Amino acid sequence: MVGGGYTGLSSALHLAEMGYDVVLLESARIGFGASGRNGGQLVNSYSRDIDVIERRYGPEAAKMLGGMMFEGGEIIRERIKRYQIDCDYRPGGLFVAMNHKQLEKLEEQKANWERYGNTQLEMLDASELKREVNSDRYVGALLDHSGGHIHPLNLAIGEANAIRLNGGRVFEQSAVTHIQHSSPAIVSTAKGKVTAKYVIVAGNAYLGDKLEPELAKSSMPCGTQVLTTEPLGEDLARSLIPKKLLCGRL
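Written out as structure tokens, the structure is:
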């Protein structure tokens, strides 16, 4: 396994649980890249809504991708529970509406997601939402009980520990310098080599354009922003969002 972000960690853990002899090589530290630096939202969505995927690629593709979309969060929750990963998991995600047009869109989204298997959705009116978010700005919300948020780096570290518990080996500060496409494959670092029947390359943008040029061609930048505040204090934070639900807009 080349790469210690979510893709590499999840793949390695699946294989280790199945009894494979797994070696994971990470060039820096576990979760060093986007996996450890994101906002930690568990949102059952793609960059395009599932109905857009259906129109473009057909109902069968949409059904498969819709199932995967909701299964991903369930896998994370199951792992947190099984391996007792301390990553501040908080269930529940709110998508708020600032006007009635946005609320209608959320109602459409609810119906759309339910068609593809998400049965844990609930519409909240303004008074119900006020109990969850102490603000008068919103007219309602869609509550996804299967959503939530986590501490992203701690989840990554917890998955690395789970790999070790299943007999896998994890090596940090072990940048891969060359992959020999042979049978078996030979994966080289500055200090050693790993001989493997199978190799999964999961380095994302950090692969560069020399290790696997064809993969590098398929990488594209995806920006996101995270805003932080000064510490609010427990009392103020709890008064704003008492149950610590994920709160955002679609």
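Mind the numbering: the sequence shown is residues 1359 to 1608 in our numbering, read in order. Backbone N, C-alpha and C define an ideal beta-carbon position, used for all residues, glycine too. Please read all numbers here as calculations on a predicted model, not as lab measurements.
Could you check whether residue j and residue i sit closer than 9 Å to each other, using their CB atoms as the reference points?
{"i": "L1371", "j": "G1526", "result": "yes"}
{"i": "Q1484", "j": "L1452", "result": "Gln is not the amino acid found at residue 1484; the sequence shown has Ala there. Result no, Cβ atoms of A1484 and L1452 do not sit closer than 9 Å."}
{"i": "V1454", "j": "R1607", "result": "yes"}
{"i": "Y1474", "j": "A1419", "result": "no"}
{"i": "G1363", "j": "G1394", "result": "yes"}
{"i": "A1374", "j": "A1514", "result": "no"}
{"i": "A1543", "j": "V1557", "result": "yes"}
{"i": "I1388", "j": "C1445", "result": "no"}
{"i": "N1311", "j": "F1428", "result": "The structure shown does not extend to residue 1311, since the chain is modelled only from 1359 through 1608, so no value can be given for it."}
{"i": "G1516", "j": "R1437", "result": "yes"}
{"i": "L1598", "j": "L1604", "result": "no"}
{"i": "Y1564", "j": "S1369", "result": "no"}
{"i": "K1555", "j": "S1541", "result": "yes"}
{"i": "L1464", "j": "G1431", "result": "no"}
{"i": "L1423", "j": "A1518", "result": "no"}
{"i": "N1457", "j": "P1600", "result": "no"}
With distances taken Cα to Cα, identify the nearest neighbour of residue i among the options.
{"i": "E1480", "options": "K1488, A1548, S1493 and S1504", "result": "S1504"}
{"i": "L1511", "options": "S1532, A1419 and Y1447", "result": "Y1447"}
{"i": "S1618", "options": "L1423, E1592, K1551 and G1561", "result": "Limits of the chain in this structure are 1359 at one end and 1608 at the other, which puts residue 1618 out of reach."}
{"i": "L1569", "options": "F1390, V1584 and Q1538", "result": "Q1538"}
{"i": "E1466", "options": "K1439, I1408, V1545 and S1540", "result": "I1408"}
{"i": "V1552", "options": "A1563, A1533, G1566 and D1567", "result": "A1533"}
{"i": "R1489", "options": "G1366, K1602 and T1587", "result": "K1602"}
{"i": "V1410", "options": "Q1583, W1471 and K1439", "result": "W1471"}
{"i": "T1477", "options": "G1581, L1501, C1580 and N1492", "result": "L1501"}
{"i": "Y1496", "options": "P1417, L1461 and E1572", "result": "L1461"}
{"i": "T1535", "options": "R1522, D1567 and A1518", "result": "D1567"}
{"i": "T1365", "options": "N1457, I1433, S1405 and R1414", "result": "I1433"}
{"i": "V1584", "options": "A1392, E1412 and P1417", "result": "A1392"}
{"i": "C1580", "options": "M1376, R1522, F1390 and S1405", "result": "S1405"}
{"i": "Y1441", "options": "E1412, F1390, R1522 and K1468", "result": "R1522"}
{"i": "V1559", "options": "G1550, K1439, D1593 and P1571", "result": "P1571"}
{"i": "M1376", "options": "T1582, N1524, P1600 and M1456", "result": "N1524"}
{"i": "G1450", "options": "L1487, G1550 and K1549", "result": "L1487"}
For residue i, list the residues DSSP reports as bridge partners.
{"i": "E1480", "result": "L1501"}
{"i": "R1448", "result": "H1507"}
{"i": "V1491", "result": "Per DSSP, none; premise fails for V1491."}
{"i": "V1360", "result": "L1383 and V1559"}
{"i": "A1455", "result": "G1498"}
{"i": "L1604", "result": "G1451"}
Tell me whether residue i counts as near the ligand FMN, meaning its Cβ is closer than 8 Å to at least one heavy atom of that ligand.
{"i": "V1454", "result": "For the structure depicted, the ligand FMN is absent and the ligand set is empty, with no information on it obtainable."}
Determine contact between the stretch 1365-1382 and the stretch 1521-1536, defined as no fewer than three beta-carbon pairs at a distance below 8 Å.
-> yes
What runs of the beta strand (DSSP E), each 3 residues or longer, lie entirely inside the stretch 1497-1580?
-> For the stretch 1497-1580, whole beta strand (DSSP E) runs of length 3 or above, ordered along the chain, are 1498-1507, 1527-1529, 1534-1538, 1543-1547 and 1551-1554.
Mind pulling the beta strand (DSSP E) runs of 3 or more residues that sit fully within the stretch 1366-1402?
-> The qualifying runs are 1381-1383.
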